[in-house]
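*Asks:* In this note's numbering, the protein residues as written are 191 to 245.
Yeah, the Cβ is synthetic: ideal placement off N, Cα and C, and Gly gets one too.
#1: In chain order, what residues of the same chain lie with their CB nearer than 6 Å to the CB of residue 243, ignoring the 5 residues before and after it?
#2: Measure the C-alpha to C-alpha separation of residue 202 and residue 224 and round it to an integer number of angstroms.
#3: Indicate the three-state DSSP secondary structure (helix, strand or coil) for residue 243 in the structure shown.
#4: With a floor of 4 residues, list each alpha helix (DSSP H) that falls wholly inside the stretch 194-231, ordered by position along the chain.
#5: Kindly list the residues whose CB is nearer than 7 Å to the CB of residue 204, restricted to its own chain and excluding five residues on each side of it in sequence; keep chain order.
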């Protein structure tokens, strides 16, 4: 299973989501939606308007 956290800098909820995954021992990758236009478009197309989005 691949887990991706779509995040943005300075986001406390994003940090908490990553901390929760770390504590659970779940590997994940982080994608910064402020520097990756395709990732931003992807999460917006899914209907999300706030970070984090965990898939």
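*Replies:* Taking the structure as given:
#1: 196, 233
#2: 15 Å
#3: strand
#4: 202-214
#5: 195, 197, 198, 241, 242
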